[in-house]
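Q: Residues in the sequence shown are numbered from 0 upward in steps of one, following numbering that gives the first Met the number 0. Submitted below is the structure of interest, expressed as structure tokens.
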Amino acid sequence: MNYEENILPNPDDLLDWCSDPRNVDWGRENYSIFGKRGMAPRQVAWFGKTGTNYRYSGLDHEGDNWPRFISELADEINDKFDLQTNFVLLNRYSSGEEYMGWHRDNESGLKSIIASVSLGATRRFRYRGNSRGSSHAIDLTHGSVLVFDGRFYHTLPKSKRCIRPRINLTFRELCTDLHSRRFIQSHLTHCRIYE
Numbered sequence: 000m001n002y003e004e005n006i007l008p009n010p011d012d013l014l015d016w017c018s019d020p021r022n023v024d025w026g027r028e029n030y031s032i033f034g035k036r037g038m039a040p041r042q043v044a045w046f047g048k049t050g051t052n053y054r055y056s057g058l059d060h061e062g063d064n065w066p067r068f069i070s071e072l073a074d075e076i077n078d079k080f081d082l083q084t085n086f087v088l089l090n091r092y093s094s095g096e097e098y099m100g101w102h103r104d105n106e107s108g109l110k111s112i113i114a115s116v117s118l119g120a121t122r123r124f125r126y127r128g129n130s131r132g133s134s135h136a137i138d139l140t141h142g143s144v145l146v147f148d149g150r151f152y153h154t155l156p157k158s159k160r161c162i163r164p165r166i167n168l169t170f171r172e173l174c175t176d177l178h179s180r181r182f183i184q185s186h187l188t189h190c191r192i193y194e
């Protein structure tokens with residue numbers, strides 16, 4: 000875990016850009032988890048370099064190149080944290096009633112490190128090393144960046160105190176060739192520390 004506050008030079012501008020429907024096509028996904036269909040308790044959007052496709056919960060999220068504003072932010076994140084991200088998944092929580100349940104990001108073709116940029120309302124992020132262990136908490140503030148291993152279980156629980164919206168951008172590196180996707184899936188299958 001690497002958490003840094005106040006490192007973005009223009010978080011208010013980024014929040015305004017992400018909130019503008021001319022820039023981001025926000026939508027609410029209907030997906031299946033454990034055989035049950037449901038509507039996501041948040042809005043999502045995504046951008047990625049051409050040729051990327053982040054598939055989770057049976058849904059494809061294909062990249063069609065970066066907008067300039069997102070490309071510049073990705074370059075800053077990649078340079079500061081020595082990453083090579085090529086895809087960003089955006090989540091919008093309109094209030095503390097919207098949330099992300101416990102999960103881990105271990106899909107085929109996804110490298111494990113995620114850089115999460117927080118904008119707007121402060122929300123509590125919880126994580127743990129396995130599905131039943133004790134959890135730890137970090138309050139994610141406006142303009143902060145959390146870099147973490149997505150194979151850890153993590154959640155953004157509901158919060159009755161939060162009435163303002165929050166947006167987060169989760170920058171990831173996706174493999175774009177079949178050989179690399181198979182290698183990563185094999186590596187995750189044999190990585191016991193996260194089971």
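By construction, the Cβ of each residue, glycine as well, lies at the ideal position given by its N, Cα and C atoms. This one's a predicted model, so the numbers in the text were calculated from it and none came from an experiment.
#1: Can you tell which of Asn64, Asn90, Phe68, Leu173 has the C-alpha that lies nearest to the C-alpha of Pro40?
#2: Suppose you measure from the CA of Gln83 to the CA of Arg171; what does that come to, to the nearest Å?
#3: Taking 6 Å as the limit between beta carbons, can you name the residues of its chain near His153, skipping five residues before and five after?
#4: Identify every residue that forms a DSSP beta bridge with Asp197.
#5: Opposite Asp148 in the DSSP bridges: which residues?
#6: In the DSSP assignment, what are the bridge partners of Glu61?
#7: Per DSSP, which one or two residues make a beta bridge with Tyr92?
#8: Just mark Asp12 as buried or exposed, buried being the case when its beta carbon has 16 or more other beta carbons within 10 Å.
#9: Drop a sphere of 10 angstroms on the beta-carbon of Ile162, count the other beta-carbons inside from all chains shown, and report buried for 16 or more, exposed for fewer.
A: Taking the structure as given:
#1: Residue numbering aside, residue 40 sits at position 41 when the sequence shown is read from its first letter. Distances from the alpha-carbon of Pro40 to those of Asn64, Asn90, Phe68, Leu173 put Asn90 closest.
#2: Taking the first residue of the sequence shown as 1, we reach residue 83 at position 84. Taking the first residue of the sequence shown as 1, we reach residue 171 at position 172. Using only the alpha carbons, I get a separation of about 8 Å.
#3: Indexing the sequence shown from 1 puts residue 153 at position 154. Tyr126.
#4: Limits of the chain in this structure are 0 at one end and 194 at the other, which puts residue 197 out of reach.
#5: Along the sequence shown, one-based indexing puts residue 148 at 149. BP columns for Asp148 point to Ile112.
#6: Translated into positions along the sequence shown, residue 61 becomes position 62. DSSP, once it has assigned bridges, lists Asn52 as partnering Glu61.
#7: If you number the sequence shown from 1, residue 92 lands on position 93. According to DSSP, Tyr92 shares a beta bridge with Arg165.
#8: The sequence position of residue 12 within the sequence shown is 13, counting from 1. When all chains shown are included, Asp12 counts as exposed.
#9: As a position in the sequence shown, residue 162 is number 163, starting the count at 1. The residue is exposed, with fewer than 16 neighbouring Cβ atoms inside 10 Å.
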